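Residue numbers for the sequence shown follow numbering that gives the first Met the number 0, so the first one is 0 and each next one is one higher. We put the CB at the ideal spot given by N, CA and C, even for glycine. Here the structure is a predicted model, which is why all the values come from computation and not from measurement. Report on the following structure.
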Amino acid sequence: MKGIVFPNQEKYLSAQRNKPDILIAEMESFASENQVPILNWNAAELLEVLIRNSEPKRVLEIGMAIGYSSIRIARQLKKKSTLHTIEKSEVNIKLATNFINRAELTEKIQILEGDALEIMPTLKKKYDFIFLDADKQDYEKLFHYSLKLLKKDGIIFIDNLLWHGYAAARNVPLKQKKSTQIIREFNKLFLNTPSLQSTIVPVGDGVGIGIKVRK
Ligand SMILES: C[S@@+](CC[C@H](N)C(=O)[O-])C[C@H]1O[C@@H](n2cnc3c(N)ncnc32)[C@H](O)[C@@H]1O
């Protein structure tokens with residue numbers, strides 16, 4: 000997988016990074032060794048800052064994987080705030096449950112097991128913050144469900160919008176053509192959604208950040 004930041008910048012930023020705690024470091028190594036895609040550490044820091052600053056009471060994550068971003072989000076939440084996280088892979092649910100137990104965050108994080116495409120339409124109560132990080136072919140539908148579930152002034156944070164650099168590339172390998180097309184179409188939709196004030200930031204794999212300005 001290609002990074003979107005110049006290698007020398009990435010090297011510089013990594014060298015400046017404050018050492019993560021043992022659990023986070025272990026999860027990053029696990030993800031890298033087992034090819035589990037998780038949020039880039041730098042984008043995770045941006046997510047943490049936004050969560051800490053916006054003080055959401057209810058957060059929804061779509062795509063938990065091994066619980067890396069879930070733990071990073073939950074650690075920033077105020078005492079009575081909660082994170083609901085949707086995951087469809089049984090293997091990942093097992094791994095995440097173990098990491099979340101070890102992080103002592105079982106009271107803050109509720110795992111919703113199953114396909115977000117089926118679960119989201121059944122959710123009734125709105126959220127202050129939504130993090131979308133699921134299969135890219137599901138993004139458009141999950142984004143529409145997210146907009147319905149996001150409160151006014153709520154924030155949506157979406158990963159992989161520069162798609163390993165392919166979104167902006169002139170020559171895209173055959174294997175990446177379909178996913179790149181999906182992301183390009185999604186970015187147009189995301190940046191032209193009237194109910195959102197939105198932007199795409201070149202951090203990690205490119206994150207979309209939007210604030211709901213009207214219903
Ligand atoms: C990129 S990973 C999530 C990484 C995680 N947010 C992190 O940064 O630590 C995507 C995860 O979403 C799950 N997923 C993808 N599409 C989904 C869907 N429609 N419903 C539920 N889970 C989904 C996959 O099984 C995978 O574990």
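If you draw a straight line from the C-alpha of residue i to the C-alpha of residue j, how long is it?
{"i": "residue 100", "j": "residue 169", "result": "45 angstroms"}
{"i": "residue 204", "j": "residue 159", "result": "5 angstroms"}
{"i": "residue 84", "j": "residue 214", "result": "24 angstroms"}
{"i": "residue 137", "j": "residue 144", "result": "11 angstroms"}
{"i": "residue 122", "j": "residue 148", "result": "8 angstroms"}
{"i": "residue 108", "j": "residue 66", "result": "10 angstroms"}
{"i": "residue 161", "j": "residue 35", "result": "18 angstroms"}
{"i": "residue 98", "j": "residue 88", "result": "15 angstroms"}
{"i": "residue 62", "j": "residue 86", "result": "5 angstroms"}
{"i": "residue 129", "j": "residue 151", "result": "12 angstroms"}
{"i": "residue 78", "j": "residue 111", "result": "21 angstroms"}
{"i": "residue 164", "j": "residue 201", "result": "10 angstroms"}
{"i": "residue 124", "j": "residue 104", "result": "22 angstroms"}
{"i": "residue 156", "j": "residue 140", "result": "15 angstroms"}
{"i": "residue 117", "j": "residue 146", "result": "16 angstroms"}
{"i": "residue 211", "j": "residue 75", "result": "21 angstroms"}
{"i": "residue 22", "j": "residue 102", "result": "8 angstroms"}
With H, G and I counted as helix, E and B as strand and the rest as coil, what does DSSP make of residue i?
{"i": "residue 145", "result": "helix"}
{"i": "residue 84", "result": "strand"}
{"i": "residue 208", "result": "strand"}
{"i": "residue 104", "result": "coil"}
{"i": "residue 76", "result": "coil"}
{"i": "residue 96", "result": "helix"}
{"i": "residue 217", "result": "The structure shown has nothing for residue 217, since the chain only spans 0 to 214."}
{"i": "residue 199", "result": "strand"}
{"i": "residue 191", "result": "coil"}
Taking residue i and residue j to be in contact with their CB atoms under 8 angstroms, please state how far apart those CB atoms are, rounded to whole angstroms.
{"i": "residue 56", "j": "residue 127", "result": "6 angstroms"}
{"i": "residue 197", "j": "residue 208", "result": "7 angstroms"}
{"i": "residue 60", "j": "residue 50", "result": "Actually they do not touch by this definition, with Cβ atoms about 11 angstroms apart."}
{"i": "residue 95", "j": "residue 64", "result": "7 angstroms"}
{"i": "residue 68", "j": "residue 46", "result": "7 angstroms"}
{"i": "residue 58", "j": "residue 82", "result": "5 angstroms"}
Step through the CB atoms of chain B and report whether any lies within less than 8 angstroms of the CB of residue i.
{"i": "residue 111", "result": "Annotation note: the requested chain B is absent from the structure, which comprises a single protein chain."}
At a cut-off of 7 angstroms, would you count residue i as near ligand 2, judging by its Cβ distance to the nearest heavy atom?
{"i": "residue 60", "result": "Ligand 2 is absent from the structure shown, which contains only ligand 1."}
Inset, instruction - Mind listing, in chain order, the continuous beta strand (DSSP E) runs of no fewer than 3 residues lying wholly within the segment 7-61? - result: 57-61
Legend entry - Uninterrupted alpha helix (DSSP H) stretches inside the segment 108-166 (no shorter than 4 residues): 115-118, 138-148
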